[in-house]
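**Student:** As you go down the protein sequences, you meet chains P and R in turn. Okay, so the first sequence: first residue is 1 according to our numbering, each after it adds one. Okay, so the second sequence: first residue is 1001 according to our numbering, each after it adds one. Beta carbons: idealized from backbone N, C-alpha and C, even for Gly. Have a look at the structure that comes next, please.
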Amino acid sequence: MDISKNYFEFIGLPVSYHLDRSELSDRSRELQKTLHPDRYAHLSDHEQRVAVQYMAYLNEAVATLKSPLLRAQYLLQLQDIDTTSESSTAIDPMFLMQQMELRERLEEIPSASDPFDELEELNGEVVAVLEKLRASFVQSYESGDLSSATSDVRKMQFLEKLLLEIERLEDKLED
Amino acid sequence: MAYSDKVIDHYENPRNVGKMDDKESNVGTGMVGAPACGDVMRLQIKVSDEGIIEDAKFKTYGCGSAIASSSLVTEWVKGMSLDEAEKLKNTTIAEELALPPVKIHCSVLAEDAIKAAVADYKEKQDK
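In structure tokens form, the structure reads like this:
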């Protein structure tokens, strides 16, 4: 094990957006076993510290690779592109317009006659847009068009945020 | 994180929330977004024949600081010339609202929004 390796290599998976989830959980389980505290209780302080470090890295790696958005962001990060800390960037106005409209709809849902139906419909639309973006990201990323891939991930970030808002409203309506 | 009183005031009583008809030739619309946090902001200005901003409206989906920044900008730009509005700096907004460093990007977003609105208006006049 080597924490200077990237998350994919550390876990033993190809560096790719396509991910076999069962392979990810199998491999991380194997790694977890070798890192179990019982196994290194007899080791020196230094070795124990290293094992704790490995464990933390493994947890980070699994959490990142599991999530489609975090995985895409990480793939770009490996190419020295950071989409997670940018503040304002030029974004396609048509896309922003759509985002505005989707959020306006969400805002009006609590006063709708059947809010749950509308929420579900909106959720479905957002997921569909997100799926399209994911497909577009994969195509751009795999063909080496990093600027399009970056733009797709930025857009995905807006939609993931919207999904969180949808979830939050759903919880609120249920209460 | 504690919001300043001014942020809370603008957040609880946002000024000039609304929408103008973006097809009108004297309306300029600025749409901006912050990908990192997913905030979306629309800022619109209505400009007189003399080039003075007569009215401003905004709609922001985002955190309190983003809402306060855009609300403040709509208050400020009313009565300004386009040149004055274009020169509005995010640092002035951040200072007025006492934004903490992690929220400075919200004021940048508001600056970008007013700039985009002015640019959109000018582009319309050139047509």
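#1: Given that P:F158 touches chain R, what residues does it touch there, using C-beta distances under 8 Å?
#2: Measuring CB to CB, does R:A1085 end up less than 8 Å from R:V1118?
#3: So, are the CB atoms of P:G12 and P:R29 less than 8 Å apart?
#4: Since P:L64 meets chain R, which of its residues come closer than 9 Å, beta carbon to beta carbon?
#5: Mind checking the stretch 1053-1065 of chain R against chain P and listing, in chain order, the residues whose C-beta falls within less than 8 Å of any C-beta there?
#6: Quick one: using the 10 Å Cβ neighbour count with 16 as the cut-off for buried, is R:T1029 buried or exposed?
#7: Cβ of P:K161 less than 8 Å from any chain R Cβ?
#8: Does DSSP classify R:A1119 as helix, strand or coil?
#9: Just the C-alpha distance for P:V126 and P:H46, rounded to the nearest angstrom, thanks.
#10: Taking C-alpha atoms, which residue in R:G1018, R:Y1121, R:H1105 and R:Y1003 lies nearest to R:T1074?
#11: Distance check for R:L1082 and P:E160, CA to CA, integer angstroms please.
#12: Could you tell me whether any Cβ in chain R is nearer than 8 Å to the Cβ of P:R71?
#13: Straight-line CA distance for R:A1066 to R:N1013?
#14: Could you pull the start and end residues of the beta strand (DSSP E) that R:D1055 belongs to?
#15: Give the DSSP-derived three-state secondary structure of R:Q1044 in the structure shown.
#16: Counting only beta-carbon atoms, is P:Q32 nearer than 8 Å to chain R?
#17: Based on DSSP bridge pairs, tell me the residues matched to P:V52.
#18: Starting from the beta carbon of P:Q99, find every residue of chain R whose beta carbon is closer than 7 Å, and list them in chain order.
#19: Determine the contact status of P:A112 and P:E121, defining contact as a CB-CB distance below 8 Å.
#20: What residues are listed by DSSP as bridge partners for R:S1081?
#21: Short of 7 Å Cβ to Cβ, which residues in the stretch 124-157 of chain P face chain R?
#22: Who are the near neighbours of P:Q99 in its chain, counting only those whose CB is closer than 6 Å to its CB and skipping five residues on each side?
#23: Contact check, P:T64 vs P:L70 under 8 Å by CB: the rounded distance?
#24: Under a Cβ-count criterion, where at least 16 other Cβ atoms within 10 Å of its own Cβ denotes burial, should P:S151 be classed as buried or exposed?
#25: Hey, is the stretch 1003-1013 of chain R in contact with the stretch 130-143 of chain P, meaning 3+ C-beta pairs nearer than 8 Å?
#26: Output needed for R:A1094: all residues of its chain with C-beta closer than 6 Å, excluding positions within five of it in sequence on either side, in chain order.
#27: Of all the options R:N1016, R:K1127 and R:K1089, which has the alpha carbon lying nearest to the alpha carbon of R:F1058?
#28: Could you confirm whether any beta carbon from chain R is found closer than 8 Å to the beta carbon of P:R103?
**Tutor:** Once the coordinates are examined:
#1: Within the first sequence, numbered from 1, the residue matching residue 158 of chain P stands at position 158. The contacting residues are G1033, P1035, G1038 and V1040.
#2: Counting from one through the second sequence, the residue named residue 1085 of chain R turns up at place 85. Counting from one through the second sequence, the residue named residue 1118 of chain R turns up at place 118. Between R:A1085 and R:V1118, the gap from beta carbon to beta carbon is short of 8 Å.
#3: Here the question's residue 12 of chain P lines up with position 12 in the first sequence. Here the question's residue 29 of chain P lines up with position 29 in the first sequence. Inclusion of P:G12 and P:R29 in the CB contact set at 8 Å is not warranted, their separation being larger than that value.
#4: If you number the first sequence from 1, residue 64 of chain P lands on position 64. Looking at the sequence provided, one finds Thr at residue 64 of chain P rather than Leu. None at all; the shortest Cβ gap to chain R is about 17 Å.
#5: Residues K1059 and Y1061.
#6: On the second sequence, position 29 is the one that residue 1029 of chain R refers to. Label assigned to R:T1029: buried.
#7: Within the first sequence, residue 161 of chain P is the residue found at index 161, counting from 1. Yes, its Cβ sits closer than 8 Å to a Cβ of chain R.
#8: The residue you call residue 1119 of chain R lines up with position 119 of the second sequence. Reduced to three states, the DSSP call for R:A1119 is helix.
#9: Locating residue 126 of chain P in the first sequence gives position 126, counting from the first residue. Locating residue 46 of chain P in the first sequence gives position 46, counting from the first residue. Cα-Cα distance, rounded: 49 Å.
#10: Against the second sequence, residue 1074 of chain R aligns to sequence position 74. Of the listed residues, the one whose Cα sits closest to R:T1074 is R:G1018.
#11: One-based indexing of the first sequence puts residue 160 of chain P at position 160. One-based indexing of the second sequence puts residue 1082 of chain R at position 82. Rounded to whole angstroms, P:E160 to R:L1082 spans 36 Å at the Cα level.
#12: Taking the first sequence and counting its residues from 1, the one referred to as residue 71 of chain P is at position 71. Not closer than 8 Å to any Cβ of chain R, the Cβ of P:R71 fails to qualify, so no.
#13: Counting from one through the second sequence, the residue named residue 1066 of chain R turns up at place 66. Counting from one through the second sequence, the residue named residue 1013 of chain R turns up at place 13. Those two C-alpha atoms are separated by around 14 Å.
#14: Position 55 of the second sequence holds residue 1055 of chain R. Segment I1053 to Y1061, the beta strand (DSSP E) holding R:D1055.
#15: In the second sequence, counting from the first residue as 1, residue 1044 of chain R sits at position 44. Per DSSP, reduced to three states, the secondary structure at R:Q1044 is strand.
#16: On the first sequence, residue 32 of chain P is found 32 positions in, with the first residue counted as 1. No, P:Q32 does not count as interfacial toward chain R.
#17: Stepping through the first sequence from its first residue, residue 52 of chain P is reached at position 52. Answer is none; P:V52 lacks a bridge partner.
#18: Here residue 99 of chain P refers to the residue found at position 99 of the first sequence. For the C-beta of P:Q99, the chain R residues within less than 7 Å are, from N- to C-terminus, G1033 and V1040.
#19: Position 112 of the first sequence, counted from the start, is the residue given in the question as residue 112 of chain P. Position 121 of the first sequence, counted from the start, is the residue given in the question as residue 121 of chain P. Result no, Cβ atoms of P:A112 and P:E121 do not sit closer than 8 Å.
#20: Taking the first residue of the second sequence as position 1, residue 1081 of chain R is located at position 81. Answer by DSSP bridge pairing, in chain order: R:I1052.
#21: For the stretch 124-157 of chain P, residues whose beta-carbon sits nearer than 7 Å to a beta-carbon of chain R comprise R154 and Q157.
#22: Counted from its first residue, the first sequence places residue 99 of chain P at position 99. If we look at P:Q99 and ignore the five residues flanking it on each side, its Cβ neighbours are F158.
#23: Along the first sequence, read from residue 1 onward, the residue named residue 64 of chain P stands at position 64. Along the first sequence, read from residue 1 onward, the residue named residue 70 of chain P stands at position 70. A Cβ-Cβ distance of about 5 Å is found for the pair P:T64 and P:L70, placing them in contact under the 8 Å criterion.
#24: Translated into positions along the first sequence, residue 151 of chain P becomes position 151. By the 10 Å Cβ count, P:S151 comes out buried.
#25: In this structure the stretch 1003-1013 of chain R does not touch the stretch 130-143 of chain P; the number of beta carbon pairs closer than 8 Å is below three.
#26: As a working mapping, residue 1094 of chain R is identified with position 94 in the second sequence. For R:A1094, same chain residues with a beta-carbon under 6 Å away, outside a window of 5 residues either side, are I1104 and S1107 in chain order.
#27: Counting from one through the second sequence, the residue named residue 1058 of chain R turns up at place 58. The shortest C-alpha separation from R:F1058 is found at R:N1016.
#28: One-based indexing of the first sequence puts residue 103 of chain P at position 103. Output row for P:R103: interface = yes.
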